[in-house]
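Report on one structure; see the data block that follows.
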Amino acid sequence: MTNTNLTSKQLLEISQGIRCGFNDDPDSTAAELFFLPVDPYHLHAFWTIGDQLLTNLLSEDTVELVLKFYWNENQLSEQDDSTCNFNLSINLFQSQQSIRLPVDDRYYSGVIGLLDQSQNLKVLARSNTIHVPRAGMLPVNHKPQFATAAAKQSFVSNSMKKELTNVVQDNRIDEELIHSKIMDVLLKYGDSNNTMDAELLADLFIADSGNSQETKSGRFNEAMIDALIKQHLHRQDIDSDVFNSLFNPQLDTIITNTSSHTFYQ
Amino acid sequence: MQKGFLGIVLHAHLPYVRHPEHPSFFEENWLFEAITECYIPLLNVLDRLHDDQIDYRLTISLSPTLMTMLRDDLLLSRYLNHLEKLLELADKEILRTRKDGNYQILARLYRRHFSRTLDCFKNRYQNDLLTVFDKHHQAGNLELITCAATHGLLPLLSTSQSAVRNQVDIAIATYQQMFGRAPTGFWLPECAYYPGLESVLGDAGINYFFTDTHGIMHASPRPDYGVYAPLECDNHVSVFARNPEASEQVWSAQEGYPGDFDYREYYSDIGFDLDLDYLSPYMLDADIRIQTGIKYHRITGGNDGKEIYQPRQAYNKALLHAQDFIDKCQQQIDRVSPDIDRPPLIVAPYDAELFGHWWFEGPHWLEQVLRLANKQDNALEAVSCDDYLAVYPCNQVAKPSTSTWGDQGYFSYWVNESNDWIYPHLHRASIKIEALASAFKDAPAGSLQERALNQAVRSLLLAQASDWPFIMKSGTTIEYATKRMTDQLARFNYLHDTIVNNQIDEHYLSGLEQMDAIFPNLDFRDYCPQKNEC
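Protein sequences, first through last, are from chains A and B. In this text, residue positions in the first sequence follow our numbering: the first is 12, and each later residue adds one. In this text, residue positions in the second sequence follow our numbering: the first is 356, and each later residue adds one.
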């Protein structure tokens, strides 16, 4: 952003000049359809069909402009007549409408198209998929499922692993960038105030890279990432000797046999 | 008495209203009134609690637009002018009411109140309320969280996943910039939730968010503990729901505390009661009546005229109502405790601006509630959501239900005949910014192109504020809301066209950057659709 300070008068001229030029007409060639949820039994549909088509339709009486709605309990991957659906004729001079829905708690999507006298539909545009709310409570659930600490830990570990893997894959040449992005991930999944620990862990992670150009691309491996995650989540005091020893490929057995080691407790 | 928890959450938000192109602007008064009547009184409450070593717990959500305005030099200097004018008016009122002792007592009270506010703001708080909020967060009593970047109603923006993602990410980045850390919780604007939103929040590092009552009660599967414990989404982000009874006690127009006859009447303001010639220096354009903040009457009730406000009586009523609130929370807890195997949690969220602005005595009520909740002989303990999750980290896994805390519980307040015209514009703008972001992602850093693209994002974000369609429906300042919406869309379209046509005018761009000076570190490239976004 700039530091230039325009006067109030100049700013007002700019603001008024831009406002006067506002003319947000829809693309005159493209057809478009999108939905917004309103409540369990209504959605709002917005559409455009393009000026040329509109002109043709105004003089045409063998086809009808329709919206076709599909709904399902699960997010729809296919829209065809095997899915629950209904048609709605629409007024050529409208571009939006509130739609009454048959069922709550469903995913709805739709198409806008031309329906001929043989009931064949030529699709002009497809909508997004929305979920309309549930109207009431579900029946009593006699077996509620509760999260477990192990499941949460596993989820966090998996999420961290995915993000750290992406970091090293996307930035394998740039050490400084890897360092910074690793710190971001560690802070996200740990104490966001503990930048010192995160920085030290990231330092140790990078330190094992060695200086050889030939080894650079292969130096960050899955075992290193796993160790980094375990170190961070267990919040042990940083022990650089033990940590570094984990990345020696000849000591892979140490990683798998450390379940009784105090390092992982 | 059974043990239970009370989580009070205040959501503080104002839309971004800042007009350097005018010497003054009426709608900027929204911020000035909120600072005077709500935020400084709330901070004074927290200061007193801290000074008295009360170990309270309270959660406050500060919206990014509000945080930005509270650090804006132009608005803060205008606020000081606003306070000076209030003091001047209060002095005139003291003179005017010199022959009526009852009114003069109140005029003097207002003079003292405005004088203390000015002194507090300038000297004690150093013109920086955010630092004071942060001080209480660092002390361990206040939990500060945030909400979407410009308070966009996320389900209605979800035709574009990048729009939703950036409303969340930019909010978190703004919070980090202000406080040097990430928030753990997130306030969804209008508590508007849709399935899948938890993934966006989880990816952004958020641990918990809030929904309205039926967001949890209509969850799948059905919640075993109702609203008295949070649910956990599949990605382990927790969701807390509003307790309807605790809300009713405060929000109900018929039975809520703020409607008590002893409390100050909001609508009886001298700006609408006194001679216009006398008031003209303090009115809009000298001749349009507006609220001044000086109000002399209590709600009173009945069909006779309003009676004079009695501050001591109102204060005592606030203390009684605080005790009543605690008692009723305890009754709730005693009632439901046999049915659940942990202390029930009552989550009581409110708009922060209720306290002090709409309900003048609200801050005193809140202070007393927090003092009472701290008492050792209470079974009720005030907590934050993080406190609760530290004790009960594993909760029932369920998917919340689409919902808002708006009228009727869904989206009709924001999608209806008064405001539906905005959505095709927002939808098209979202498509355009994604296309621009992809096409120009290699724009050189600091270039005119990059500046224009970032400014286009700012215009889009500001157009996405849910405040504007809300106001269009509520009918309060429709003209202004429409103008703001149109201006931001016009600015977006202007920038889009100049970027696409390679005709960026630096003078115009600088003007827009100066007028919409928000989110300085955003990057338009974040609008490139991600792999899992269609």
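C-beta atoms are modelled at their ideal positions from N, C-alpha and C, and glycine is treated no differently.
Exercise. Quick one: does isoleucine 156 of chain A have its CB under 8 angstroms from some CB of chain B?
Worked result: Mapped onto the first sequence, residue 156 of chain A falls at position 145. Looking at the sequence shown, residue 156 of chain A is not isoleucine but glutamine. Glutamine 156 of chain A counts as touching chain B.
Exercise. Looking at the structure shown, is tyrosine 200 of chain A part of a helix, part of a strand, or coil, going by DSSP?
Worked result: As a position in the first sequence, residue 200 of chain A is number 189, starting the count at 1. Tyrosine 200 of chain A: coil per DSSP, three-state reduction.
Problem set entry | Classification of tryptophan 713 of chain B by the beta-carbon crowding that lies within 10 angstroms, buried from 16 upward | By one-based count along the second sequence, residue 713 of chain B stands at place 358. Per the 10 Å Cβ criterion, exposed.
For this session: Determine which residues of the region 727–759 of chain B have a Cβ less than 7 angstroms from any Cβ of chain A, and write them out in chain order.
Result: Pro748, Cys749, Asn750, Gln751, Val752, Ser756, Thr757 and Ser758
Exercise. Near asparagine 876 of chain B, which residues of its chain fall below 6 angstroms by C-beta distance, leaving aside the five closest residues on each side in sequence?
Worked result: Mapped onto the second sequence, residue 876 of chain B falls at position 521. Answer for asparagine 876 of chain B: no residue qualifies.
Exercise. Does the separation of the CB atoms of phenylalanine 46 of chain A and glycine 121 of chain A fall below 8 angstroms?
Worked result: Against the first sequence, residue 46 of chain A aligns to sequence position 35. Against the first sequence, residue 121 of chain A aligns to sequence position 110. It is a contact, given that the beta carbons lie within the stated cut-off.
Exercise. In the structure shown, what three-state DSSP assignment does lysine 79 of chain A receive?
Worked result: Against the first sequence, residue 79 of chain A aligns to sequence position 68. In this structure, lysine 79 of chain A counts as strand in the three-state DSSP scheme.
Problem set entry | Exposure label - isoleucine 643 of chain B; buried when at least 16 CB within 10 Å | Working through the second sequence from its first residue, we reach residue 643 of chain B at position 288. Counting Cβ neighbours within 10 Å, isoleucine 643 of chain B comes out exposed, since fewer than 16 surround it.
For this session: Look at the alpha carbon of threonine 140 of chain A and the alpha carbon of leucine 556 of chain B, and state the distance between them as a whole number of angstroms.
Result: As a position in the first sequence, residue 140 of chain A is number 129, starting the count at 1. As a position in the second sequence, residue 556 of chain B is number 201, starting the count at 1. The straight-line gap from Cα to Cα measures roughly 20 angstroms.
Exercise. For valine 167 of chain A, does the three-state DSSP call read helix, strand or coil?
Worked result: On the first sequence, residue 167 of chain A is found 156 positions in, with the first residue counted as 1. Of the three classes helix, strand and coil, the one that applies to valine 167 of chain A here is helix, per DSSP.
For this session: At 7 angstroms on the CB atoms, spell out the chain A contacts of glutamate 662 of chain B, in chain order.
Result: Stepping through the second sequence from its first residue, residue 662 of chain B is reached at position 307. The contacting residues do not exist; glutamate 662 of chain B stays about 43 angstroms from chain A at best.
Problem set entry | Boundaries of the beta strand (DSSP E) in which valine 134 of chain A is found, first to last residue | Within the first sequence, residue 134 of chain A is the residue found at index 123, counting from 1. Where valine 134 of chain A is concerned, the enclosing beta strand (DSSP E) stretches over 132–137.
For this session: Name the one or two DSSP bridge partners that phenylalanine 216 of chain A has.
Result: Counted from its first residue, the first sequence places residue 216 of chain A at position 205. Per DSSP, none; premise fails for phenylalanine 216 of chain A.
Problem set entry | Delimiting residues of the beta strand (DSSP E) encompassing arginine 111 of chain A | Within the first sequence, residue 111 of chain A is the residue found at index 100, counting from 1. It spans 107–111 - the beta strand (DSSP E) in which arginine 111 of chain A sits, taken as one unbroken run.
Exercise. What's the call for tyrosine 81 of chain A, buried or exposed, on a 16-neighbour Cβ count within 10 Å?
Worked result: For the purposes of this step, residue 81 of chain A is taken as residue 70 along the first sequence, with counting starting at 1. Counting Cβ neighbours within 10 Å, tyrosine 81 of chain A comes out buried, since at least 16 surround it.
Problem set entry | Exposure label - serine 758 of chain B; buried when at least 16 CB within 10 Å | For the purposes of this step, residue 758 of chain B is taken as residue 403 along the second sequence, with counting starting at 1. Burial call: buried.
Exercise. Using the C-alpha atoms, what's the distance from cysteine 475 of chain B back to tyrosine 465 of chain B?
Worked result: Sequence index remark: in the second sequence, residue 465 of chain B carries index 110 (1-based). Sequence index remark: in the second sequence, residue 475 of chain B carries index 120 (1-based). If I take the Cα positions, the gap works out to 15 angstroms.
Exercise. At a Cβ cut of 7 angstroms, what residues of the region 839–860 of chain B count as close to chain A, listed as they run along the chain?
Worked result: Thr841, Asp842, Leu844, Ala845, Arg846, Asn848 and Tyr849
Problem set entry | 8 angstroms Cβ cutoff, threonine 514 of chain B in contact with chain A | The residue labelled residue 514 of chain B in the question sits at position 159 within the second sequence. Closer than 8 angstroms to some Cβ of chain A, the Cβ of threonine 514 of chain B qualifies, so yes.
Exercise. Applying the criterion that 16 or more other CB atoms from any shown protein chain within 10 Å of the CB defines a buried residue, is glutamine 678 of chain B buried or exposed?
Worked result: Along the second sequence, read from residue 1 onward, the residue named residue 678 of chain B stands at position 323. Its Cβ having fewer than 16 others within 10 Å, glutamine 678 of chain B is exposed.
For this session: Using a Cβ-Cβ cut-off of less than 9 angstroms, list which residues of the region 551–569 of chain B approach chain A; keep chain order.
Result: Gly551, Gly557, Asp558, Ala559, Gly560 and His569
Exercise. Leucine 103 of chain A versus chain B: which residues are under 8 angstroms apart at the beta carbon?
Worked result: Position 92 of the first sequence, counted from the start, is the residue given in the question as residue 103 of chain A. Those do not exist, as leucine 103 of chain A stays about 17 angstroms from chain B at its closest Cβ, beyond 8 angstroms.
For this session: With a 10 Å radius around its C-beta and 16 neighbouring C-beta atoms as the bar for buried, classify serine 271 of chain A as buried or exposed.
Result: Along the first sequence, read from residue 1 onward, the residue named residue 271 of chain A stands at position 260. Since pLDDT at serine 271 of chain A reaches only 30, below the 50 mark, its modelled position is unreliable, and the value read off the structure follows with that caveat. Serine 271 of chain A should be labelled exposed.
For this session: Say whether chain B places a C-beta atom closer than 8 angstroms to the C-beta of tyrosine 81 of chain A.
Result: Your numbering for residue 81 of chain A matches position 70 in the first sequence. It does not: the Cβ of tyrosine 81 of chain A has no partner Cβ on chain B nearer than 8 angstroms.
Problem set entry | Test: proline 599 of chain B CB closer than 8 angstroms to a CB of chain A | Residue mapping note: residue 599 of chain B aligns to position 244 of the second sequence, counting from 1. Not one chain A Cβ lies under 8 angstroms of proline 599 of chain B.
Exercise. For alanine 704 of chain B, does the three-state DSSP call read helix, strand or coil?
Worked result: As a first step, residue 704 of chain B is located in the second sequence; it is residue number 349 there, counting from the start. A quick correction: the sequence has proline, not alanine, at residue 704 of chain B. Residue state, collapsed to three classes: strand.
Exercise. Going along chain A in order, which residues have a C-beta closer than 7 angstroms to the C-beta of glutamine 770 of chain B?
Worked result: Working through the second sequence from its first residue, we reach residue 770 of chain B at position 415. The question names glutamine, but residue 770 of chain B is valine in the sequence shown. Leu47, Val49 and His55, listed in chain order.
For this session: List the whole-angstrom C-beta distance separating methionine 533 of chain B from leucine 485 of chain B, where the pair is believed to meet the contact cut-off of C-beta under 8 angstroms.
Result: Position 178 of the second sequence, counted from the first residue, corresponds to residue 533 of chain B. Position 130 of the second sequence, counted from the first residue, corresponds to residue 485 of chain B. About 6 angstroms separates the two Cβ atoms, so the contact holds.
Exercise. At least one CB of chain A closer than 8 angstroms to the CB of valine 865 of chain B: is that the case?
Worked result: Start at 1 with the first residue of the second sequence, and residue 865 of chain B comes out as number 510. Per the sequence shown, the amino acid found at residue 865 of chain B is serine instead of valine. Cβ-Cβ to chain A under 8 angstroms: yes for serine 865 of chain B.
Exercise. If you draw a straight line from the alpha carbon of asparagine 457 of chain B to that of phenylalanine 616 of chain B, how long is it in whole angstroms?
Worked result: Looking up residue 457 of chain B in the second sequence gives position 102. Looking up residue 616 of chain B in the second sequence gives position 261. Between asparagine 457 of chain B and phenylalanine 616 of chain B, the C-alpha separation is close to 18 angstroms.
Exercise. DSSP state of threonine 566 of chain B, grouped into three classes?
Worked result: Locating residue 566 of chain B in the second sequence gives position 211, counting from the first residue. Strand at threonine 566 of chain B.
Exercise. So the beta strand (DSSP E) tyrosine 348 of chain B belongs to, where does it begin and stop?
Worked result: Given that chain B is displayed from residue 356 to residue 889, the structure contains no residue 348 of chain B and the question cannot be resolved.
Exercise. DSSP on alanine 503 of chain B, reduced to helix/strand/coil?
Worked result: To locate residue 503 of chain B, count along the second sequence from 1; it is residue 148. Alanine 503 of chain B falls in the coil class under three-state DSSP.
Exercise. Taking Cβ-Cβ distances shorter than 9 angstroms, what residues in chain B pair up with alanine 160 of chain A?
Worked result: Residue numbering aside, residue 160 of chain A sits at position 149 when the first sequence is read from its first letter. Per Cβ cutoff of 9 angstroms: Pro748 and Cys749.
Exercise. Taking C-alpha atoms, which residue in B:Asp567, B:Tyr633, B:Pro666 and B:Lys730 lies nearest to glycine 764 of chain B?
Worked result: For this step, residue 764 of chain B is matched to residue 409 along the second sequence. Closest by alpha carbon: B:Asp567.
Exercise. Taking three-plus beta-carbon pairs below 8 angstroms as touching, is the region 649–664 of chain B in contact with the region 695–707 of chain B?
Worked result: no
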